[in-house]
Amino acid sequence: MTLLNNSLERKRFFRFALVGISGAVVDFGVFNLLSSILHVNPSLSQAISFTLAVINNFIWNRLWTYPETRGSSPIKQLIQFGAVNVIGLGIRTVLFSLVEKHLIALAVALIPHILTPTIVGHNLTLAFVILVVMLWNYFANRYWTFKDIPTSEEKKQ
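Every letter in the sequence shown is one number past the one before it in UniProt numbering, and letter 98, counting from 1, is 98.
Have a look at this one:
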């Protein structure tokens, strides 16, 4: 697998993950603002927070993770990045709906009453779905949206 034996791809994945962390900060921040403070439905809150995180991630991935692709059409890349993330949102929304109640129940059993079990359960659910979707997003974007960059082996030729 290219990611495991190619130092350039590992560097890209590391950068992609760091960008993802910044997106997660946006995601969790907006999600908690909407769901816990403004009392917006959690499923709607996670969709809105996801959208804002995607915008953050596209900008940083284009500028920092894949700077070699800046010569490509940003509109085409944004459409492709958006398509990958819409699929990711679908995966995430289904998973969120499936595991939310189970993780809230787990939080009720394990978490001291400093935070409400619902807040902890929602955040555990969001963390889980973010990790799953990150893998989808990396591989789909690397080999479709940002495919027009050489691997280190291609640069040697």
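In this text, a Cβ means the ideal position worked out from N, Cα and C, and glycines have one as well.
Rounded to whole angstroms, N141 and L78 show a C-alpha spacing of 10 Å. The residues T69, S72, in chain order, have a CB closer than 7 Å to that of D148 in the same chain once the five nearest residues on each side in sequence are set aside.
Excluding residues up to 5 positions away in sequence, S22, G23, V26 lie with their Cβ nearer than 7 Å to the Cβ of N56 in the same chain. For I37, no alpha helix (DSSP H) run applies, since DSSP gives it neither H nor E. Contact between V84 and N137 is confirmed by a C-beta separation of about 6 Å, below the 8 Å threshold. For the set H39, L33, F50, N6, the Cα lying nearest the Cα of V129 is the one of F50.
With contacts defined as CB atoms closer than 9 Å, G121 and L103 qualify as a contacting pair.
A Cβ-Cβ separation of about 5 Å places S45 in contact with F31 under the 8 Å criterion. A Cβ-Cβ separation of about 21 Å leaves F28 out of contact with T65 under the 8 Å criterion. Rounded to whole angstroms, the gap between the alpha carbons of W60 and L135 is 17 Å. Across the structure, L38 and L126 are spaced so that their CA atoms are roughly 18 Å apart.
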